[in-house]
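Those protein sequence lines, which keep their order, are chains L and C. Under my numbering, think of the first position of the first sequence as 1, with each following residue one higher. Under my numbering, think of the first position of the second sequence as 1001, with each following residue one higher. In this text, a Cβ means the ideal position worked out from N, Cα and C, and glycines have one as well.
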Amino acid sequence: MSTLALRQERRDEGVVEPAQLARAWDTPPGLLGALASANHKQIATRYIVTAFVFFALAGMLALLMRLQLATPEAHVLGPDLYNQVFTVHGSTMMFLFAVPVMQAMALYLVPLMVGTRNVAFPRLNAFGYWTYLIGGLLLWGSFLLNVGPDAGWFSYVPLAGPAYAPGKRADVWAQVITFTELAALVGAIEVVVTAVKMRAPGMSLERVPLLVWAMLVTAVMVVFAMPAVMVGSTMLAMDRLVDTHFFNPAEGGDVLLWQHLFWFFGHPEVYIIFIPATGFVSSIVSTFARRPIVGYPAMVLSLIATGFLGFSLWVHHMFATGLPRIGASFFSAASLLIAIPSGVQIFCWLATLRTGRVVVRAPLLFVCAFIAIFVVGGLTGVMVALVPLDLQVHDTFFVVAHLHYVLIGGAVFPLLGALHFWLPKMTGRMPSERLGRWAVAVLFVGFNLTFFPMHQLGLAGMPRRVYTYLPETGWGRLNFLATVGAGLLAVGVLLFLANVAWTLRHGAPAGDDPWGGDTLEWSTPSPPPSYNFAALPVVHDRHPLWSVAPPGAVVGLGRREVLITEAIDATPDHRHALDGPSLWPFLTAIAVGIGVIVAIFTPWGVTLGAVLVTITLTGWFWPHRPAVEPGR
Amino acid sequence: MSAKVLDVSALPPRAFGARSALWWGVLGLVAIEGTALAMVVGAALYLRQGGDGWPPPGTPLPRLTAATINVLLLVASSALMWMVALDARRRRRVPVAVGLVLMTVVGLASIVLRGFELAALGCRWDAGAYASTVWLLLGMHATHLIGATVENGLLAAVIIGPVDPKHYVDAHSNGLYWYFVAGADVVLYLLVFVWPRWA
Chain L
1 MSTLALRQER
11 RDEGVVEPAQ
21 LARAWDTPPG
31 LLGALASANH
41 KQIATRYIVT
51 AFVFFALAGM
61 LALLMRLQLA
71 TPEAHVLGPD
81 LYNQVFTVHG
91 STMMFLFAVP
101 VMQAMALYLV
111 PLMVGTRNVA
121 FPRLNAFGYW
131 TYLIGGLLLW
141 GSFLLNVGPD
151 AGWFSYVPLA
161 GPAYAPGKRA
171 DVWAQVITFT
181 ELAALVGAIE
191 VVVTAVKMRA
201 PGMSLERVPL
211 LVWAMLVTAV
221 MVVFAMPAVM
231 VGSTMLAMDR
241 LVDTHFFNPA
251 EGGDVLLWQH
261 LFWFFGHPEV
271 YIIFIPATGF
281 VSSIVSTFAR
291 RPIVGYPAMV
301 LSLIATGFLG
311 FSLWVHHMFA
321 TGLPRIGASF
331 FSAASLLIAI
341 PSGVQIFCWL
351 ATLRTGRVVV
361 RAPLLFVCAF
371 IAIFVVGGLT
381 GVMVALVPLD
391 LQVHDTFFVV
401 AHLHYVLIGG
411 AVFPLLGALH
421 FWLPKMTGRM
431 PSERLGRWAV
441 AVLFVGFNLT
451 FFPMHQLGLA
461 GMPRRVYTYL
471 PETGWGRLNF
481 LATVGAGLLA
491 VGVLLFLANV
501 AWTLRHGAPA
511 GDDPWGGDTL
521 EWSTPSPPPS
531 YNFAALPVVH
541 DRHPLWSVAP
551 PGAVVGLGRR
561 EVLITEAIDA
571 TPDHRHALDG
581 PSLWPFLTAI
591 AVGIGVIVAI
601 FTPWGVTLGA
611 VLVTITLTGW
621 FWPHRPAVEP
631 GR
Chain C
1001 MSAKVLDVSA
1011 LPPRAFGARS
1021 ALWWGVLGLV
1031 AIEGTALAMV
1041 VGAALYLRQG
1051 GDGWPPPGTP
1061 LPRLTAATIN
1071 VLLLVASSAL
1081 MWMVALDARR
1091 RRRVPVAVGL
1101 VLMTVVGLAS
1111 IVLRGFELAA
1121 LGCRWDAGAY
1131 ASTVWLLLGM
1141 HATHLIGATV
1151 ENGLLAAVII
1161 GPVDPKHYVD
1171 AHSNGLYWYF
1181 VAGADVVLYL
1191 LVFVWPRWA
């Protein structure tokens, strides 16, 4: 009787005890529980770990290529295997590492930063991860069976079409795209809806952390970019499997259509990888400069401008295809234009560092390495945006150097910095500062040693994607240097991973906010509990943890409820019960997997997949409880 | 209780339209599928520009009857879907259930009509780039049609059976998707069936 009265009183106060929250939000134990998990942190962690496994595998392929190219006429890899190796390296890095790992960081951080308990559609999120995993296993399983794609990560027709690519290699590539883009689109919807509708009361748009802005812009770009490559790869698969003629000039098709569809996705893809990194950089710079980022409105507008301009550059990948001059000029101008918002961001970070009270820690060193490398990559970007120069260096190692400066410099360095930065939050333990500094230093030297010589090799005419070269070319010395650099780069990655392992075993307890960050994730325990916040926060300005008035608390929510707020001003709108763990997303991903993989061999795979998915979706959406008001 | 506490227990446990998270999710789905469709439409414009006729010589113009009936049916059915959405807002169980059953029937009829439309194209998908493109356009849209119909059917079953109030939000948001499917069919009708008669 007295317990009942007490519970009644608590309910009146609207406070839910942490133990009750844990019961409502914890993942069920055991293997089935793990497969059913819908917790954003668990799913994001799986994404990050899986993505790094693929990163390591693709990195080993890179080492194999460097060994093959270290000396003229080497025999480490034959031409056929070399083709598979560079294709699987590129496809893995782009589709299984870069995009997923950035989205994974968003799926981990965005709900915490906006102050809610999970992403908007927790089960869909789980489905996204399983789909991605199946896609990755398909690519690597095929590669190990010698059916790895071999037409390059952009799988150009006619080389990848039915006439020149017999066998199933190009089909595997096309279906890997289906899986990974599906997962990316799912992740994007999660981020958009979570960032737009689930922000803490008071977090109006002008108070949204820059990282969340970056992730939101990225997610919107994914929504409009990924469908292009899905359509393209579907057409390619159909040309190969059911004799359609989209890319067959003999029957009214057009091979350049492929390049348009691919690069309409492929160029925004670069920004889909880079913009999240700007979010990491903003968080790290602001924390270690001990002040807000200079020019918040300029930063946000730059992000949005980059998001738009990213869609108007795709043709600069096609300058060598004989397009009309006037078209090339337009895309050349647009390519130069996009350097402006990126430049604005660089200057804002530099100004923040210049005017702050800088504390040098390993994450900030990663950021410094990023700025140096990315500026070089940006400058070579301006160079290849110019048609005459592009025609000269197209398909040479100059482009290989440029894209690695942009992608490793622009994304991997900030990502590693971000992992070092948020590792205390994710694991509850502090990484080693010394190991972190060694990692940055070795990575920085190794990176430049590997890729800087490639600029010269490209200018000297060394083509990319050719498995060897003659001694008379004189490219041997720089290639050898690049291979030494690649070895050093690998040591740097190992140092970083060793630091993660060390942190998990020996790291000192981190506490809630070891770096003195300003955003809401630092107000939770480390690692955050399954429900993130004991009480959902209410914020009063842009830097809730640096504010004179600390965040307030939301009361009156049911155990499984979150607060849905208005899109612009984040005023509370209604309560919303989120779905919990379920096995159906996993089963649905398996159903999709069966359908898509069978479709490599017969079009009936599509029918089979549709039937299986209808069954699993019915299970997914079928209500388990009779009509009750949820969650109170 | 201190002033820093915000009590939200008086807020409703769900909301409809742009206030709900689900509506934004459906909007995202529409954006994705709309972009994909726009890409195929773009491909059609691109291929037509380069080919030697749309349809090429020897391929008949697509026949209009089935497609015309289907586009009119889909546009008219949007009014019914709108009524379902209105009733869902008011949580009127019987009208919502009846409306969703009717929408499922409409969807099935539209899928059958799509079969006749494909036959009315007068060419197989492997006859050339024109044929491949029109088959892909109608086929892609058919998958959206099938998806929307399965969803309407499932929701009808749920609302007749073990209804949870949140399913009214589902039914309401489904309206948004249906308007997209109907609107997209207008575009496809003009592109696949009307446009070749102009040039």
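| Item | Value |
| --- | --- |
| How should Ala-1182/C be labelled, buried or exposed, when 16 other C-beta atoms within 10 angstroms of its C-beta is the threshold for buried? | buried |
| Run through DSSP, which three-state label would Arg-1091/C get? | coil |
| Residues of the region 201 to 216 of chain L with a CB closer than 8 Å to any CB of chain D: list them in chain order, please. | Absent here is chain D; the protein component of the structure consists of chains L and C. |
| Would you check if the distance between the CB atom of Asn-125/L and the CB atom of Ile-177/L is smaller than 8 Å? | no |
| Please list the residues of the region 1158 to 1177 of chain C that have a C-beta atom closer than 9 Å to any C-beta atom in chain L, keeping them in chain order. | Val-1158, Gly-1161, Pro-1162, Val-1163, Asp-1164, Pro-1165, Lys-1166, His-1167 and Asp-1170 |
| State the DSSP-derived secondary structure class of Asp-395/L, mapped to helix, strand or coil. | coil |
| Since Thr-1059/C meets chain L, which of its residues come closer than 8 Å, beta carbon to beta carbon? | What Thr-1059/C touches in chain L: nothing, since even the nearest Cβ is about 10 Å away. |
| Below 8 Å on the Cβ atoms is my guess for Ser-302/L versus Val-344/L; work out the distance and round it to an integer in Å. | 5 Å |
| What does the alpha-carbon distance come out to for the pair Ser-69/L and Ser-283/L? | According to the sequence shown, residue 69/L is Leu rather than Ser. C-alpha separation (whole angstroms): 39 Å. |
| Write down the C-beta distance between Ile-373/L and Gly-409/L rounded to the nearest angstrom, noting that I regard them as a contact closer than 8 Å. | 3 Å |
| With distance defined between alpha-carbon atoms, name the residue in Ala-490/L, Gly-556/L and Leu-608/L nearest to Val-445/L. | Ala-490/L |
| Pull up the distance between the alpha-carbon of Pro-1057/C and that of Gly-252/L, whole angstroms please. | 11 Å |
| Where does Asn-532/L land, buried or exposed, given buried means 16+ other C-beta within 10 angstroms? | buried |
| Which value, in whole angstroms, describes the spacing of the CA atoms of Ser-332/L and Phe-347/L? | 24 Å |
| Which partner residues does Asp-1206/C have in the DSSP bridge list? | Here chain C covers residues 1001 to 1199 and nothing more, so residue 1206/C does not appear. |
| Once you ignore the five residues that flank Arg-290/L on each side, which residues in its own chain have a CB closer than 8 Å to its CB? | Gly-356, Arg-357, Val-358, Val-359 and Gly-516 |
| Count the other C-beta atoms from every protein chain shown that fall within 10 angstroms of the C-beta of Thr-519/L, then say buried if there are 16 or more, exposed otherwise. | buried |
| Measuring only the C-alpha atoms, how far is Gly-59/L from Glu-472/L? | 29 Å |
| Using a 10 Å radius around the Cβ and a threshold of 16 neighbouring Cβ atoms, would you call Leu-31/L buried or exposed? | exposed |
| Please state whether DSSP places Ser-1020/C in a helix, a strand or coil. | coil |
| Taking just the CA atoms, how far does Thr-450/L sit from Gly-428/L? | 35 Å |
| For Asp-1170/C and Val-220/L, I'd like the C-alpha separation in whole angstroms. | 23 Å |
| Should Arg-10/L go down as buried or exposed, given a rule of 16 or more other Cβ atoms within 10 Å for buried? | Confidence in Arg-10/L is poor, its pLDDT being 43 and thus under 50, which makes the residue's placement unreliable; the coordinate value appears in the next sentence. By the neighbour-count rule (16 or more Cβ atoms within 10 Å), Arg-10/L is not buried but exposed. |
| If Val-222/L sits next to Ala-184/L, beta carbons under 8 Å apart, how far is it from one beta carbon to the other, in whole angstroms? | 5 Å |
| My understanding is that Asp-634/L touches Leu-545/L, with C-beta atoms under 8 Å, so please give their C-beta distance in whole angstroms. | There is simply no residue 634/L to check, as chain L begins at 1 and stops at 632 in what is shown. |
| Just to check my reading of the structure: Phe-127/L and Pro-585/L have Cβ atoms closer than 8 Å, yes? What is that Cβ distance to the nearest angstrom? | 4 Å |
| Taking only beta carbons into account, state which residues of the region 25 to 54 of chain L come closer than 9 Å to chain C, listed in chain order. | none |
| Do you know offhand how far Leu-1191/C's Cα is from Val-231/L's? | 18 Å |
| Which residues in the same chain as Pro-158/L place their Cβ atom closer than 6 Å to its Cβ, once the five residues preceding and following it in sequence are excluded? | Tyr-164 and Val-255 |
| Kindly say whether Phe-533/L, judged by its beta-carbon, lies nearer than 8 Å to any beta-carbon of chain C. | no |
| Does the pairing of the region 1155 to 1171 of chain C with the region 1096 to 1114 of chain C give three or more beta-carbon distances under 8 Å? | yes |
| Assess, as a yes-or-no matter, whether the region 1017 to 1027 of chain C is touched by the region 546 to 555 of chain L under the definition of 3 or more beta carbon pairs within less than 8 Å. | no |
| So, is Asn-146/L buried or exposed, given that buried needs 16 or more other C-beta atoms within 10 angstroms? | exposed |
| Using beta-carbon positions only, say whether Leu-112/L and Arg-559/L come within less than 8 Å of one another. | no |
| Quick check: is any heavy atom of the ligand ZN less than 7 Å from the C-beta of Ala-219/L? | The ligand ZN is not part of the structure shown, which contains no ligands of any sort. |
| Beta-carbon within less than 7 Å of Trp-1178/C's beta-carbon, same chain only, minus the 5 sequence neighbours each way: which residues are those? | Ser-1078, Met-1081 and Ala-1148 |
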